[in-house]
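Mature numbering (1 follows the signal peptide of the UniProt record, and there is no 0) puts the sequence shown at residues -46 to -1, 1 to 445. One structure is given below, encoded as structure tokens.
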Amino acid sequence: MFWNKSKEETAVLATDGLSGKRTNVIKKAAISVVLLSGLSFNFAFADETADSELATIYHIYTDDQYIGAVSNKEEITQLMKDKVEASKSQFEGLSLTAGNNFSVVEEKVFSPATDDAATLKQVEDLIEVNANAFAISIDNEVAAYVTDLEAYNEVLRKVKLNYVSEKELNFLEARKSATDTLPELKPGETRIVDLTVKQDVTGATMSVKPEEVVTVDQAVKRLLTGVEKEETYTVKQGDVISKIASAHDLSTKQLLDLNKGLQEDSTLKIGQELNVTVLKPALNFEAQYEKRAKEEIPFDKIVEETDTMYKGDTKMKTKGANGERVATYTLTKQNGVLTSKELVEEEITKQVQHQVTLKGTKVMPSRGNGSFAWPAQGGYISSERGQRWGRMHEGIDIARPSGFGILASDNGVVVAAGWDGGLGQRVIIDHNNGYRTVYGHLASINVAVGQTVPQGTQIGIMGNTGRSTGTHLHFEVIQNGAHINPLSVLN
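Here you go:
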């Protein structure tokens, strides 16, 4: 800023105070110097005769505003120093400076008239104390001011440590200057390979108001949560966790995460305070990992239908066995939360064997085909149909089989299964074609009344129940309500 003044008794020719050019003065001389956050002075030259009759005063300006004049320029300098010193106790650890732009213009006058006290009071009120700080900017917007570059780096490191371990961060920093190739991962190992921030983060030195400068921990909290102060809610009568979460734009999980120890089924107490701060991280970090793992390959359960088996019957064809593989994955985490898992390579070390079960589709017949099969597993006829011991023996007896299973002679439906006096445990099958067959003296019965049994189905075990002289099967064939000789229809 330059100050030029013209009166009838005064003629001044002034140039840039920083140029060093000489100024000619008649009776009065003046020169101005721009002061930026401090004071410095240049002096005008006058001839010796005029100068000996003049006194010096100093005009003070800030921006385009004239404040007043003082007789001692050193008082301005001291006033600024005192204002900065007075602020140091309030803002410890900060580098403080006077932030105003003051211009001091020196003038030679015959009759000096200044009001130093009033001018100094105005200057004191106008002096602004600033702090030298380091701005943390995210996408060209200042997020926080810290003391210096060291604090800036510490803030970013602490934010990163919320999403990765210190060991992982140290590993990444060491790899920046490494030239060797990393060894292949062993099964069961995971390592971080990259950590990037999605926003553009920059830092720069700035002069700001001291109260705007925050500590490292305050800056970290601001970047992690988007807030500096937590919002709390006091539980009232009738409150439930889900209702509180919804009212504060939180999911139930987010509310539980904010309040350690709180469970979804926790009982809330009236007057209890809950943290309901909606977190909006200013930075989004993406971490990339590679992982190698030995894994089981689960076998599939496959069902194959076959018309060689009756509907409702199943049979294991192939037993299932898990396989094994060594798999390599790329994992991606956003702010510590796993967002993707991509299989990039696999080595099969043991082939999987899928389980195969046969399922019958053949319809079980309830009507006989008229061709009767031998009802036992081998054996011989120990007694034929005919008169025996003074009465009619209506069936044949089969004894000494190779196996004791008793088989349905033809397709049909079980109409009786249980104890029948002299026949002991017996089964009757209706073949729905005019024929019925009877199986007596069984040791046990494997079927129930109403059950459809195909020809050859095991319906019981040969025994010696009822009126019997030994283990054997008593077998009868009834046609249209009358007994016939089983040997006439048996194959």
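In this text, a Cβ means the ideal position worked out from N, Cα and C, and glycines have one as well.
(request) Going by CA-CA distance only, name the one from V100, Y187, S294 that's closest to E46. (result) For the residues V100, Y187, S294, the minimum Cα distance to E46 belongs to V100.
(request) Can you say whether G215 is buried or exposed, counting buried as having 16 or more other CB atoms within 10 angstroms of its CB? (result) Around the CB of G215, fewer than 16 other CB atoms lie within 10 Å, so the residue is classed as exposed.
(message) So, under 8 Å CB-CB, residue 447 and A370 are touching, yes? Tell me the CB distance rounded to an integer number of Å.
(response) Only positions -46 to 445 of the chain appear in the structure, and residue 447 is not among them; the question remains open.
(message) Quick check on DSSP: helix, strand or coil for Q331?
(response) It is a strand residue.
(message) Less than 7 Å between C-beta atoms, sequence neighbours within five positions excluded: which residues of the same chain meet that for T68?
(response) Cβ within range, chain order: I11, A23, V24, S25.
(message) Please classify residue 470 as buried or exposed, where buried requires at least 16 neighbouring CB atoms within 10 angstroms.
(response) Missing from the structure shown is residue 470; the chain here goes from -46 to 445 and no further.
(message) Between which residues of its own chain and S320 is the CB-CB distance below 7 Å, once the five residues before and five after are set aside?
(response) Close CB contacts of S320 within its chain, under the 7 Å cut and outside five residues either way in sequence, are with N365, G366, V367, N386, T406 (chain order).
(request) Leaving aside the five residues before and after F(-6) along the sequence, list all residues of the same chain whose C-beta is less than 7 Å from its C-beta, in chain order. (result) Caution is warranted here: a pLDDT of 45 is assigned to F(-6), below 50, making its placement in the model unreliable, and the coordinate value is therefore given only provisionally. Around F(-6): V(-14), K27, V58, E60.
(request) Figure out for me which residue from G357, A330, R354 has the closest Cα to the Cα of H392. (result) The question names His, but residue 392 is Val in the sequence shown. Checking every option, the nearest Cα to that of V392 belongs to A330.
(request) Can you tell me which of R390, P235, T411 puts its alpha carbon nearest to the alpha carbon of F429? (result) Per the Cα distances, R390.
(message) Using the three-state DSSP reduction, which class does D351 fall into: helix, strand or coil?
(response) D351 falls in the strand class under three-state DSSP.
(request) Decide if the segment 244 to 258 is in contact with the segment 268 to 281; the criterion is three or more beta carbon pairs, one per stretch, under 8 Å apart. (result) In short, these stretches touch, since the Cβ pair count reaches three.
(request) Starting from the C-beta of D271, find all residues in its chain whose C-beta is less than 8 Å away, skip the five residues before and the five after it, and write them out in chain order. (result) Looking at the sequence shown, residue 271 is not Asp but Lys. E258, V310, T311, L312.
(message) I want to know whether the segment 433 to 444 touches the segment 407 to 415 - three or more CB-CB distances under 8 Å.
(response) Taking 8 Å as the limit for Cβ pairs, the verdict is that the segment 407 to 415 does not touch the segment 433 to 444.
(request) Since I believe V151 is in contact with F239 (beta carbons under 8 Å), could you give me their beta-carbon distance rounded to a whole number of angstroms? (result) Contact flag correct, Cβ pair sits at about 5 Å.
(message) I'd like to know whether the C-beta atoms of G333 and G378 end up nearer to each other than 7 Å.
(response) Taking 7 Å as the Cβ cut-off, G333 and G378 do not qualify as a contacting pair.
(request) Would you mind reading off the limits of the alpha helix (DSSP H) that contains E430? (result) Counting along the chain, E430 sits inside no alpha helix (DSSP H); it lies in the beta strand (DSSP E) bounded by residues 427 to 433.
(message) Suppose you measure from the CA of I413 to the CA of M263; what does that come to, to the nearest Å?
(response) If you take the alpha carbons of I413 and M263, they lie about 17 Å apart.
(request) May I have a chain-ordered list of the beta strand (DSSP E) segments no shorter than 3 residues that lie completely inside the segment 233 to 261? (result) Taken in chain order, the unbroken stretches of beta strand (DSSP E) that lie wholly in the segment 233 to 261 and span 3 residues or more are 239 to 251.
(message) Rounding to the nearest angstrom, what Cα-Cα distance links A128 and N229 in this structure?
(response) Cα-Cα distance, rounded: 39 Å.
(message) So the candidates are N418, D384, V401; which of them puts its Cα closest to the Cα of Q433?
(response) For Q433, the nearest C-alpha among the options comes from D384.
(request) Indicate whether V306 and G277 have their beta-carbon atoms separated by less than 7 Å. (result) Taking 7 Å as the Cβ cut-off, V306 and G277 qualify as a contacting pair.
(message) Please report the distance separating the alpha-carbon of S398 from that of S220.
(response) C-alpha separation (whole angstroms): 58 Å.
(message) Give me, in chain order, the residues of the same chain whose beta-carbon lies closer than 8 Å to that of T179; leave out the 5 immediate sequence neighbours on both sides.
(response) Here T179 has T231, L233, K234, P235 as same chain residues with Cβ atoms under 8 Å from its own Cβ, once five neighbours each way along the sequence are excluded.
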